[in-house]
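Positions -20 to -1, 1 to 780 (mature numbering (1 follows the signal peptide of the UniProt record, and there is no 0)) are the ones given, in order, by the sequence shown.
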Amino acid sequence: MAAPSLCLLLLLAFSRALHAFPADVDPITITVGRDSESLPVFLGEDDSSNSSLNVQLLLQIGARLLIAGRDRVFTVDLSRPMHGAITHSTKLTWMAERQEVDRCLMKGKTEEECHNFIKVVAPRGDGLLFVCGTNAYSPMCRNYQLADLSFTGEQTSGIAKCPFDPRQGGAATFAGERLYSATAVDPLGVDAVVYGSLGPGPPLRSLKLDSKWLKEPVFVRVLEHGQHVYFFFTEIAVELSSMGKVLFSRVARVCKSDAGGSQRVLDGHWSSFVKARLNCSVGGEAPGDAPFYFNELQGVSEVLRIGGRELVLGVFTTPLNSIHGSAVCAFDMEDVASAFQGRYSEQRGPDGPWLAVPEARTPTPRPGACAGEGEAAAFPRSPLLPDEALSFAKTHPLAHRAVAAVSPQPWFVRSGTRYRLTHIAVDVTAGRHGNETVVLLAAQSGVLLKLLLLLPPGGGGAVLLEEAEPYSARDCGERSPRAVRALLVDTERHAVFLAFSSCVLRLPLSHCARHADCKKACLASRDPYCAWSGGTCSRVTPSSHGSPMAEQALATGSVGNLPDCADSVVTSSGAIREPRVSSSPGRVPAGIVWLCLLGAFTLGAALSCVATVCLFRRCRPRRPERPRKPPPAAPAPGAGPGPPGPYARSRLLEELLLEGAARGKVDAVARSAALLVPLMAVGKVDVTALEWAGGFPRRSPAPAAAPSPSWRRCPPPSRRRPRRAGRREAGAAPRTPGRGRRPPRPPRPPPSLSPFGPRRALGPTRRPRGTPGSRATPSERAHPAWRSRNCSGSCRRPVK
């Protein structure tokens, strides 16, 4: 009974989650990859794919496009027509000096890393261009004339303005004469900083290595708005440190008029630094529902005026160890300011939870207040703020309430793909009346998406207008990375610039000519840049804004009973498909994919079973059995004894040598032994076989009636105290004469007659404790000559 109930609950929860999570929608128009072969492309100094370009950022200043890369900054004149290859008008070359490169190589960096990667390009407003580069892990900054990119002034340090590592992120912008930057101040990226420099006022920074302020942040963008400067980044959530490494998206704010704290508190640091979380999630509307968060901020737009509100749009993704998902959320700048006017968080105890600080404990002026304004109007400069307010701002920079998006659900969600969206660009002047909003999104795989935002009361969310893969392998290179480095939209010239590592592509904002003769496809495309006018589908220009003759269907895409066209088909869902292109590039229908997966799984399971049986039962090689020696056959009746066993061979060899020496054949036996003993030691020669084959002289059998006397061996040296004669241990049995003695052995010649020479020549002798004489073998100690020379009463007499 419990199992069916549990299954029913799981099914209901799964169906509810599917209902709450937005489903992916197919694009209305798909641009195939071969259409990008004719796009204008910028490759740097030559017309071939050049990996040394290494684009870092794009910046548009008027009619100029600045392309910053490795060791160079190029300027492209946008007013000139672009067909085929895009050429630059001016460029600046700034390479790292040789001594800086050598110092970089000594640090263990590669030759590729020890270049000058341009990471900051910001106009100063006085006709100068502020440029900073990594400079072989020694960041530096310069000023250039914007007109001709000529160097002016002196070179200054770029620490806290530009990162050391080209892989590290950073952002910077000018607000007036002051530069606001956010980056790392060490090569390892451990110490991250929000920094204010140049212009009037002292340089200010965030607290060093304070996790309450910043904890391993990845900065995305710096924006100026009103009397504040906003920093957008992703960092490790200090309030969830007990749950491991959890990332949150943040927005931080400082005042333009901030001059730092007093000499006692926050001297040389920001006095108005506050931060809050950006909440971009799905679900969680009903009480008790847990939302699904998109926690990692990848890209941020400028502050835009959409629907009468000042909004900033951001693209968020899931962590790398989660499912692939991306979302676009919008935040009102008034909601951001409201979050900083609320309560702040603090941790209760070293391992306690983070709770809101009561209003009674919040000092006045509040954290984040600008000196001379609002609550801090009584204090003309920030160093004059009370120490209580500065101390509270130092220990409580995190706002308790997160900044919610303008809509309960994200405007756009993409979760059924293997890529993540990383860049965003927005045009708010599209459409017939110039009031439509088009969002361009770029993914790490090179995919470009175009969205149309539907704002209330006409609807909510976004419509996916187009999906394209514009990367040109012919121009940009087959092996070059396809991750998008930068995205920029030029609304005046109706173009989109998409930057990769080795090239920059220029794309049109629309493809109205594709539906030139088909009214149904033109209206179904719902493209705000295209309209049906004069019997053709043409692009909407600024001069045609508000024209009553232009016809569009942006809200619904309804085409009524218009007939289909010969070169395009409008599906029931509103998608436009060409007959030769039935799906997006690189895609296969879902039915075929499922059939292939099922067939592959079945075939793989069958083959795995067969392989397992073959491997462990039939095909496993068996180890060959070692041949066993047959047991020795019993001697026939009346036959002599056979060859001795293996345990008697060494003794037999010794006896043969001694017997040969007794017969006067010492030299012959010694020579034979010298040749055969090494072979017998490794098992190559069998002494028994040699004896029976005649290799050694055969022993003459001793007479059976007169056995040779047997001698007891001298007792081994003992460390125990000798027992006195006549004493016996308690309970010991009386000794029986002749019991336990060894069988008699034949007498042995003295050691001097050994065929191997005297034993004293083998090395220095050693006298064991308790045993007189040199160390000898048991057979030598049994010889009478050895006993008469070495034994002094300690050896027993022969047994009669």
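Glycine included, each C-beta is placed from N, C-alpha and C at the ideal position.
Query: Along the chain, where does the beta strand (DSSP E) containing residue 57 start, and where does it finish?; Result: 52 to 57
Query: Within 10 Å of its beta-carbon, does residue 782 have 16 or more other beta-carbons around it, so buried, or fewer, so exposed?; Result: The requested residue 782 is not part of the displayed model; the chain covers only -20 to 780.
Query: Should residue 96 and residue 62 be called a contact, given that it needs their Cβ atoms to be closer than 8 Å?; Result: no
Query: Assign residue 126 to one of three DSSP states: helix, strand, or coil.; Result: coil
Query: From the DSSP output, which residues share a beta bridge with residue 257?; Result: 230
Query: Would residue 98 pass as a contact of residue 53 if the rule is Cβ separation under 8 Å?; Result: yes
Query: Using the Cβ count rule (16 or more neighbours within 10 Å means buried), how would you classify residue 220?; Result: exposed
Query: Assuming residue 545 and residue 501 make a contact with CB atoms under 8 Å, what is their CB distance in whole Å?; Result: 6 Å
Query: Taking the DSSP output, what are the residues bridged to residue 345?; Result: None, per the DSSP bridge assignment.
Query: What residue range is occupied by the uninterrupted alpha helix (DSSP H) comprising residue 500?; Result: 499 to 504
Query: Here's the rule I'm using: 16 or more other beta-carbon atoms within 10 Å means buried, otherwise exposed. How should residue 311 be labelled?; Result: buried
Query: If you check the beta carbons only, do residue 49 and residue 40 fall under 8 Å apart?; Result: no
Query: Would you be able to state if there are at least three C-beta pairs under 8 Å between the segment 505 to 524 and the segment 483 to 493?; Result: yes
Query: Check whether the Cβ atoms of residue 218 and residue 191 sit closer than 8 Å, and answer yes or no.; Result: yes
Query: For residue 372, which of helix, strand or coil comes out of DSSP?; Result: helix
Query: Pick from 233, 371, 272, 278: whose alpha carbon is nearest that of residue 319?; Result: 233
Query: Measuring straight from C-alpha to C-alpha, what distance separates residue 215 and residue 385?; Result: 19 Å
Query: Measure the alpha-carbon distance for residue 369 versus residue 442 and round it to whole angstroms.; Result: 44 Å
Query: The beta strand (DSSP E) spanning residue 326 covers which residue range?; Result: 325 to 327
Query: Taking only runs of the beta strand (DSSP E) that begin and end inside the segment 377 to 427, which ones reach a length of at least 3 residues, in chain order?; Result: 392 to 394, 401 to 410, 416 to 423
Query: CA-CA distance, residue 539 and residue 580?; Result: 43 Å
Query: For residue 761, which three-state DSSP category applies?; Result: helix
Query: Can you name the start and end residues of the alpha helix (DSSP H) that residue 317 belongs to?; Result: 313 to 320
Query: What do you get for residue 131, buried or exposed, if any count of 16 or more other CB atoms within 10 angstroms of its CB means buried?; Result: exposed
Query: Work out the CA separation of residue 261 and residue 270 for me, nearest whole Å.; Result: 10 Å
Query: Inspect the beta-carbon positions of residue 365 and residue 379 and report whether they are closer than 8 Å.; Result: no
Query: In angstroms with no decimal places, state the Cα-to-Cα distance between residue 330 and residue 223.; Result: 15 Å
Query: On the DSSP bridge assignment, give the partners of residue 103 in chain order.; Result: 109
Query: If you draw a straight line from the C-alpha of residue 300 to the C-alpha of residue 393, how long is it?; Result: 17 Å
Query: Report buried or exposed for residue 578, applying the criterion of at least 16 other Cβ atoms within 10 angstroms of its Cβ.; Result: exposed
Query: Can you tell me whether residue 483 is helix, strand or coil according to DSSP?; Result: coil
Query: So the beta strand (DSSP E) residue 519 belongs to, where does it begin and stop?; Result: 516 to 519
Query: Please classify residue 412: is it buried, with 16 or more other beta-carbons within 10 angstroms of its beta-carbon, or exposed?; Result: buried
Query: Can you name the start and end residues of the alpha helix (DSSP H) that residue 453 belongs to?; Result: 453 to 456
Query: Spatial neighbours of residue 116 within its chain, please: CB distance less than 6 Å, with the 5 preceding and 5 following residues excluded, ordered by chain position.; Result: 76, 80, 81, 84, 94
Query: Apply the 10 Å Cβ neighbour rule to residue 170 and answer buried if 16 or more other Cβ atoms are within range, or exposed otherwise.; Result: exposed
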